[in-house]
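**Q**
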Amino acid sequence: MPMKIAMIGAGSIGFTRRLMGDLLTVPEFADTTFAFTDIDASNLEMVSQLAKRDVSGNGLPAVIESTTDRRAAIADADYVICMIRQGGLEAFQTDIDIPLQYGIDQCVGDTLCAGGIMYAQRTIPALLDFCKDIREVAKPGALFLNYSNPMAMNTWASNKYGGVDTIGLCHGVQGAHWQIAKCIELYARGEGLIGPEDKVHRRDIDVVAAGINHQTWFIKCMWRGIDFIPLLPGLFAAHPEYAVTEKVRIDVLKRFGYYSTESNGHLSEYVPWYRKRTDEIGKWIDLSSWINGETGGYLRVCTEGRNWFETDFPNWLSQDPPKFTPDRRSEEHGSYIIEALETGRTYRGHFNVVNKGHITNLPDGCIIEIPGYVDRNGINMPVVGDLPLACAATCSASIRVQQMGMEAAVHGDVTMLKQAMLHDPLVGAVCDPEEIWQLTDHMLTEQARWLPQYASQIPSAQARLIEATNSGTRVLLKQTEGAARLHTKTVAEMAAAKDEARANAQAADKGKMTAAASV
Numbered sequence: 084m085p086m087k088i089a090m091i092g093a094g095s096i097g098f099t100r101r102l103m104g105d106l107l108t109v110p111e112f113a114d115t116t117f118a119f120t121d122i123d124a125s126n127l128e129m130v131s132q133l134a135k136r137d138v139s140g141n142g143l144p145a146v147i148e149s150t151t152d153r154r155a156a157i158a159d160a161d162y163v164i165c166m167i168r169q170g171g172l173e174a175f176q177t178d179i180d181i182p183l184q185y186g187i188d189q190c191v192g193d194t195l196c197a198g199g200i201m202y203a204q205r206t207i208p209a210l211l212d213f214c215k216d217i218r219e220v221a222k223p224g225a226l227f228l229n230y231s232n233p234m235a236m237n238t239w240a241s242n243k244y245g246g247v248d249t250i251g252l253c254h255g256v257q258g259a260h261w262q263i264a265k266c267i268e269l270y271a272r273g274e275g276l277i278g279p280e281d282k283v284h285r286r287d288i289d290v291v292a293a294g295i296n297h298q299t300w301f302i303k304c305m306w307r308g309i310d311f312i313p314l315l316p317g318l319f320a321a322h323p324e325y326a327v328t329e330k331v332r333i334d335v336l337k338r339f340g341y342y343s344t345e346s347n348g349h350l351s352e353y354v355p356w357y358r359k360r361t362d363e364i365g366k367w368i369d370l371s372s373w374i375n376g377e378t379g380g381y382l383r384v385c386t387e388g389r390n391w392f393e394t395d396f397p398n399w400l401s402q403d404p405p406k407f408t409p410d411r412r413s414e415e416h417g418s419y420i421i422e423a424l425e426t427g428r429t430y431r432g433h434f435n436v437v438n439k440g441h442i443t444n445l446p447d448g449c450i451i452e453i454p455g456y457v458d459r460n461g462i463n464m465p466v467v468g469d470l471p472l473a474c475a476a477t478c479s480a481s482i483r484v485q486q487m488g489m490e491a492a493v494h495g496d497v498t499m500l501k502q503a504m505l506h507d508p509l510v511g512a513v514c515d516p517e518e519i520w521q522l523t524d525h526m527l528t529e530q531a532r533w534l535p536q537y538a539s540q541i542p543s544a545q546a547r548l549i550e551a552t553n554s555g556t557r558v559l560l561k562q563t564e565g566a567a568r569l570h571t572k573t574v575a576e577m578a579a580a581k582d583e584a585r586a587n588a589q590a591a592d593k594g595k596m597t598a599a600a601s602v
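Residue numbers (my numbering): 84 to 602.
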């Protein structure tokens, strides 16, 4: 029987076609049935039309089914892939704008901090519904591959409360691995170890990265028998591009001794040191790319991408379809995991899984990101052992916030949600407890339509805000656009650079995995 893969949130512009194309580069998967489902019928229809054109243009027998009936899409699926953004861009806007009124300046806001915690409150109930459908109508043992953020909280809830084997997938390790390759390439040229035109591919460098999603640390890095861990601080500080664009990561590398997998903008949100004083944020970020720290940068590029796609869609249909060839296959883990499980060809990557003694100085049960090996026998995760203490301390602080945020989302526990906010490193660095309590009520009220588990408690949150206003005790809000917020381009403005606008719209990874990452 042909394999069936259900894709939830298939109205996603970039991920759906990217992952489908990756899978269809595998010869054994040519007749796969892809079941697309989304709550937005219009987005689903547009992406489905493009996907069908892509399949037809490559002369493959694969089948595209699209439906707004999620349960029908999941029925008899061998694998289920999730790429949803619960609440869409409308909810995402509040994740950025409301915390900003309390002085919390986020670049991304989808993993930790106030935005990421609230994103979990919206997403986890949906994921638990997906898990129920997988248990009841998918094929027995169907694997759930989750791409949706906040990765750790979502994967934690799906495994603990969803009752479905769930693996979280992210491309942060690959992106940072490429950066290390570029640093080693410059070093090797300077030392005469390679020629002036020779390249160093990331596959040439043996690494182990371990930690939690978006706070994973390169604890091993070997090239030609050289241990580069002690050399990386100097190599990154001397790199002509990274010294400008990765100031937060380089500062942490200097003080910890280990390089973080996550981008400058992301990392700056998860620790209490770099974004807590608005007038100092500028010295730690760079605006050549949103991911280097721009206020609300990810929201901006996602909004621009969606608006351009909806406007430019007829032109997309008239384009030649992309070719599904091995040299165009992306580095997203999903297709390689499925290929390894189905064919036995071994794949090594870094995956988000439940900690069962794999990292010995992080709590069992939390979600960690470590190297894994996949073949026909399954997904096998080696024991890493202890993380370096500074790395473990930073991860541990975030893990407890993730745990409280996850439990709050599952149980609709307002007190637990406020305690998660209180213990978040950046929120706690910026706000006092009363500000955090009001911020949480404010976000609950504004996001009520996406928070069914809090339905009975939203009126109380609204009442507390009104009472604080009437009594004169309400925290005063800040009127600010943030330290480094850029203008969101209109469609007319994007039309002046159509190729750039289209590239942004169709990118699965809107960060900087670098051009080489597609090789």
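Idealized CB from N, CA, C, for every residue including glycine. No experiment lies behind these values; they were computed from the predicted model shown.
For A580, is the classification buried or exposed, using 16 other Cβ atoms within 10 angstroms of its Cβ as the cut-off for buried?
**A** Working through the sequence shown from its first residue, we reach residue 580 at position 497. Classification for A580: exposed.
**Q** What do you reckon, are the CB atoms on H297 and T378 nearer than 8 Å?
**A** Taking the first residue of the sequence shown as position 1, residue 297 is located at position 214. Taking the first residue of the sequence shown as position 1, residue 378 is located at position 295. In this structure, T378 does not lie closer than 8 Å to H297 by Cβ.
**Q** My understanding is that E352 touches C190, with C-beta atoms under 8 Å, so please give their C-beta distance in whole angstroms.
**A** As a first step, residue 352 must be located in the sequence shown, where it is residue number 269. As a first step, residue 190 must be located in the sequence shown, where it is residue number 107. Contact holds; Cβ gap of about 6 Å.
**Q** With three or more C-beta pairs closer than 8 Å as the rule, is the region 356-369 touching the region 150-159?
**A** Because the criterion of three Cβ pairs below 8 Å is not met, the region 150-159 and the region 356-369 do not touch.
**Q** Which runs of the alpha helix (DSSP H) spanning at least 4 residues fall entirely within the region 532-579, listed in chain order?
**A** If we require 4 residues or more, the alpha helix (DSSP H) runs fully inside the region 532-579 come out as 541-554 and 574-577.
**Q** Assuming D137 and G104 make a contact with CB atoms under 8 Å, what is their CB distance in whole Å?
**A** To locate residue 137, count along the sequence shown from 1; it is residue 54. To locate residue 104, count along the sequence shown from 1; it is residue 21. With a Cβ gap of about 7 Å, D137 and G104 count as contacting.
**Q** For P454 and I312, I'd like the C-alpha separation in whole angstroms.
**A** Position 371 of the sequence shown, counted from the first residue, corresponds to residue 454. Position 229 of the sequence shown, counted from the first residue, corresponds to residue 312. Those two C-alpha atoms are separated by around 17 Å.
**Q** Give the straight-line distance between the Cα atoms of Q184 and W520, rounded to the nearest whole angstrom.
**A** To locate residue 184, count along the sequence shown from 1; it is residue 101. To locate residue 520, count along the sequence shown from 1; it is residue 437. Taking the straight line from one Cα to the other gives about 14 Å.
**Q** Run the CB neighbour count on H605, radius 10 Å, all protein chains shown included, and call it buried at 16 or more, exposed below.
**A** In the structure as shown, the chain starts at 84 and stops at 602, and residue 605 therefore has no counterpart that could be examined.
**Q** Specify, as a first and last residue, the run of the beta strand (DSSP E) that L470 falls within.
**A** For the purposes of this step, residue 470 is taken as the residue at position 387 of the sequence shown. Premise fails: L470 is in no beta strand (DSSP E) and is neither H nor E.
**Q** According to DSSP, simplified to helix, strand and coil, what is K406?
**A** One-based indexing of the sequence shown puts residue 406 at position 323. Correct three-state label for K406: coil.
**Q** Count the C-beta pairs between the region 220-236 and the region 403-414 that are closer than 8 Å, then say yes if the count reaches three, no if not.
**A** They do not touch, by the three-pair rule.
**Q** If contacts are defined as beta-carbon pairs under 8 Å, then G251 and F434 qualify, I think. What distance do you get, rounded to the angstrom?
**A** Translated into positions along the sequence shown, residue 251 becomes position 168. Translated into positions along the sequence shown, residue 434 becomes position 351. About 7 Å; that satisfies the 8 Å criterion.
**Q** Three-state secondary structure (DSSP) at K135?
**A** Working through the sequence shown from its first residue, we reach residue 135 at position 52. Three-state result, K135: helix.
**Q** Compare the beta carbon distance of F119 and I147 with 8 Å and say whether it is the shorter of the two.
**A** In the sequence shown, the residue the question calls residue 119 occupies position 36. In the sequence shown, the residue the question calls residue 147 occupies position 64. Result yes, Cβ atoms of F119 and I147 sit closer than 8 Å.
**Q** Taking the beta carbon of N126 as the centre, do at least 16 other beta carbons fall within 10 Å, making it buried, or is it exposed?
**A** Taking the sequence shown and counting its residues from 1, the one referred to as residue 126 is at position 43. By the neighbour-count rule (16 or more Cβ atoms within 10 Å), N126 is buried.
**Q** My guess is that P316 and L336 are in contact by the Cβ rule of under 8 Å, so how many angstroms apart are they, rounded?
**A** Against the sequence shown, residue 316 aligns to sequence position 233. Against the sequence shown, residue 336 aligns to sequence position 253. Contact holds; Cβ gap of about 5 Å.
**Q** Along the chain, which unbroken stretches of the beta strand (DSSP E) at least 3 residues long are found entirely within the region 107-153?
**A** Within the region 107-153, the complete beta strand (DSSP E) runs of at least 3 residues are 116-120 and 146-150.
**Q** Taking DSSP as the reference, what is the three-state secondary structure of I364?
**A** Taking the first residue of the sequence shown as 1, we reach residue 364 at position 281. Looking at I364 - three-state DSSP - the assignment turns out to be helix.
**Q** What three-state label does DSSP hand L400 in the structure shown?
**A** Numbered from its first residue, the sequence shown carries residue 400 at position 317. In this structure, L400 counts as helix in the three-state DSSP scheme.
**Q** Since A566 and T361 should fall inside the 8 Å C-beta cutoff, what is the C-beta to C-beta distance between them, to a whole number of angstroms?
**A** As a working mapping, residue 566 is identified with position 483 in the sequence shown. As a working mapping, residue 361 is identified with position 278 in the sequence shown. Yes, A566 and T361 are in contact; Cβ-Cβ is about 5 Å, under 8 Å.
**Q** Are the CB atoms of I167 and I217 nearer to each other than 8 Å?
**A** For this step, residue 167 is matched to residue 84 along the sequence shown. For this step, residue 217 is matched to residue 134 along the sequence shown. Going by C-beta atoms, I167 is not nearer than 8 Å to I217.
**Q** Any idea what DSSP makes of G97, helix, strand or coil?
**A** Working through the sequence shown from its first residue, we reach residue 97 at position 14. G97: coil per DSSP, three-state reduction.
**Q** I'd like to know whether the C-beta of Y357 is nearer than 8 Å to at least one C-beta of chain D.
**A** Any reference to chain D falls outside this structure, which holds one protein chain only.
**Q** Taking 8 Å as the cut-off, decide whether the C-beta atoms of L106 and T115 are in contact.
**A** The count along the sequence shown starts at 1 and reaches residue 106 at position 23. The count along the sequence shown starts at 1 and reaches residue 115 at position 32. Yes, these two residues count as a Cβ contact at 8 Å.
**Q** How should D188 be labelled, buried or exposed, when 16 other C-beta atoms within 10 angstroms of its C-beta is the threshold for buried?
**A** Residue 188 sits at position 105 when you count from the first residue of the sequence shown. Answer is buried; the Cβ neighbour count reaches 16.
**Q** For A600, which residues from the same chain have a beta carbon less than 6 Å from its beta carbon, with the 5 sequence-adjacent residues on both sides left out?
**A** Here residue 600 corresponds to residue number 517 of the sequence shown, with the count starting at 1. Because the pLDDT of A600 is 28, which lies under 50, any placement of that residue in the model is unreliable, and the number read from its coordinates should be weighed accordingly. W261 and E414.
**Q** Any idea if L172 is buried or exposed, counting beta-carbon neighbours within 10 angstroms, 16 or more meaning buried?
**A** Indexing the sequence shown from 1 puts residue 172 at position 89. The residue is exposed, with fewer than 16 neighbouring Cβ atoms inside 10 Å.
**Q** Out of E576, C253, V510 and L470, point me to the one whose CA is closest to V484's CA.
**A** Looking up residue 484 in the sequence shown gives position 401. When only C-alpha atoms are compared, the closest one is V510.
**Q** Give the secondary structure of S343 by DSSP, where H, G and I count as helix, E and B as strand, and everything else as coil.
**A** Mapped onto the sequence shown, residue 343 falls at position 260. In the structure shown, S343 sits in a strand (DSSP, three-state: E or B).
**Q** Can you give the Cα-Cα distance for G604 and H349, rounded to whole angstroms?
**A** For residue 604 there is no data in the structure shown, the boundaries of the chain being 84 and 602.
**Q** Can you list, in chain order, the stretches of the beta strand (DSSP E) that have 3 or more residues and sit fully within the region 227-253?
**A** Those beta strand (DSSP E) runs which fall completely within the region 227-253 and span 3+ residues are 249-251.
**Q** Between which two residues does the beta strand (DSSP E) holding P446 run?
**A** As a working note, residue 446 is residue 363 in the sequence shown. Per DSSP, P446 belongs to no beta strand (DSSP E) and is neither H nor E.
**Q** Take I263 as the anchor and find which of C253, S241, Y325 and C214 has the nearest alpha-carbon.
**A** As a working note, residue 263 is residue 180 in the sequence shown. When each option's Cα is compared against that of I263, the closest is Y325.
**Q** Would you decide whether P85 is buried or exposed? Buried here means 16 or more other CB atoms lie within 10 Å of its CB.
**A** For this step, residue 85 is matched to residue 2 along the sequence shown. When all chains shown are included, P85 counts as exposed.
**Q** Would you mind stating whether M504 and A197 have Cβ atoms separated by less than 8 Å?
**A** The count along the sequence shown starts at 1 and reaches residue 504 at position 421. The count along the sequence shown starts at 1 and reaches residue 197 at position 114. In this structure, A197 lies closer than 8 Å to M504 by Cβ.
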